[in-house]
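*Asks:* 1 is the number of the first residue of the sequence shown in full-length UniProt numbering; add one for each residue after it.
Using N, Cα and C, we set each Cβ at its ideal position, and we do this for glycine too.
Structure in structure tokens, see below.
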Amino acid sequence: DDTQQLMTFTPHNSYVIYEWYETTTTQQDKLEPTVRKAISLQTALIDQFPGTPTKEEAAARGITGPTRPIVDQDHVLIYTLPYTDEEMDNGKTGLTPQSMRAVYGPRGMAHFSGDPVGTFNNLNEAGSTANAVERSVVYRAASDDQATTLMNSYRRTDSQDIGAPPGLPDAECSITGDSENTTYTCHVKLGRYVAEIHSNNKQDAYQQTAAQYVLFTKAEQNEN
């Protein structure tokens, strides 16, 4: 075997960070510095994670009984179009049900993207630190202008424009795929908020986009 491996377990506050790295024998001198760098980067990221309170942390906050993470502490998931519980239970969603009804930062959203680096950079540049995933995906940029730039970044070169839904001239909709596998995608923006809608039916995509715009009219534009 011409490979070398290094595994580490690092305690960090209430977490244990596991790192594993493998490389060729000729590059084994890279094992330790690479893992050390990974641990340094990971500990900084884990400090930003709003994890479930430990028993001691919960007690200090006066919380009794089971503790769970606050799913929508940034108040952005409330502006998404929802799936029904039945759709969630039957797996009729774009992602696995465990990934839905959730809020992700740029790094989390990058995991779902076909262009993870581009998605990560675009969301960071837009200041969209809390992004909600349900039937629709909702982004909240730091400013109106940054939201416009973010919306423009999602235009695909392999799609065909199909025009905006009636009454929403600023929305953008397109079609991708072929006769056997067609996806209609719409983006709509209001203020700092941008939404992405997908459907295999054009009329449904238009209706969802209109409903999403109505939700945006109720959104708090000054939310942190």
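Is PRO97 helix, strand or coil when you go by DSSP?
*Replies:* Helix, per DSSP.
*Asks:* Excluding five sequence neighbours on each side, which residues of the same chain lie with their C-beta closer than 7 Å to the C-beta of THR150?
*Replies:* For clarity, residue 150 is Leu in the given sequence; the question names Thr instead. Same-chain partners within the cutoff: ASN122, ALA126, SER128, TYR139, ALA141, VAL194.
*Asks:* Can you pull the DSSP bridge partners for ASN131?
*Replies:* DSSP lists TYR104, TYR139 as partners of ASN131.
*Asks:* Alpha carbon to alpha carbon, how far is SER99 from THR8? Give it in angstroms, no decimals.
*Replies:* Cα-Cα distance, rounded: 28 Å.
*Asks:* Work out the CA separation of ILE46 and TYR18 for me, nearest whole Å.
*Replies:* Taking the straight line from one Cα to the other gives about 12 Å.
*Asks:* GLY177 by DSSP, collapsed to three states: which one?
*Replies:* Looking at GLY177 - three-state DSSP - the assignment turns out to be strand.
*Asks:* If you follow the beta strand (DSSP E) that SER113 is in, where does it begin and where does it stop?
*Replies:* Segment: none, SER113 is in no beta strand (DSSP E) and carries neither H nor E.
*Asks:* In terms of residue numbering, what span does the alpha helix (DSSP H) encompassing THR26 cover?
*Replies:* It is not in any alpha helix (DSSP H) - THR26 carries neither H nor E in the DSSP assignment.
*Asks:* I'd like to check one pair, LEU6 with GLU22: are the Cβ atoms closer than 9 Å?
*Replies:* Contact flag set, yes.
*Asks:* So if DSSP puts PRO11 in a beta bridge, which residue, or which two residues, is it bridged to?
*Replies:* Bridge partners of PRO11: VAL16.
*Asks:* Please report the Cβ distance between VAL103 and ASP72, rounded to the nearest whole angstrom; I am assuming they are in contact, meaning their Cβ atoms lie under 8 Å.
*Replies:* Between ASP72 and VAL103 the Cβ distance is about 6 Å, and since that is below 8 Å, they are a contact.
*Asks:* By a C-beta neighbour count over all protein chains shown, 10 Å radius and 16 as the cutoff for buried, is HIS187 buried or exposed?
*Replies:* With 16 or more other Cβ atoms within 10 Å, it is buried.
*Asks:* In the DSSP assignment, what are the bridge partners of GLN5?
*Replies:* Per DSSP, GLU22.
*Asks:* Expressed to the nearest angstrom, what Euclidean distance is found between the alpha-carbon atoms of ALA210 and ALA44?
*Replies:* One C-alpha to the other measures close to 40 Å.
*Asks:* Can you give me the Cβ contacts of THR54 inside the same chain, cut-off strictly under 8 Å, excluding the 5 residues immediately before and after it?
*Replies:* Closer than 8 Å at the Cβ level, and outside the excluded window around THR54, lie SER14.
*Asks:* Quick one: residues in its chain with C-beta nearer than 8 Å to the C-beta of LYS30, no 5 flanking neighbours on either side, listed in chain order?
*Replies:* Closer than 8 Å at the Cβ level, and outside the excluded window around LYS30, lie THR23.
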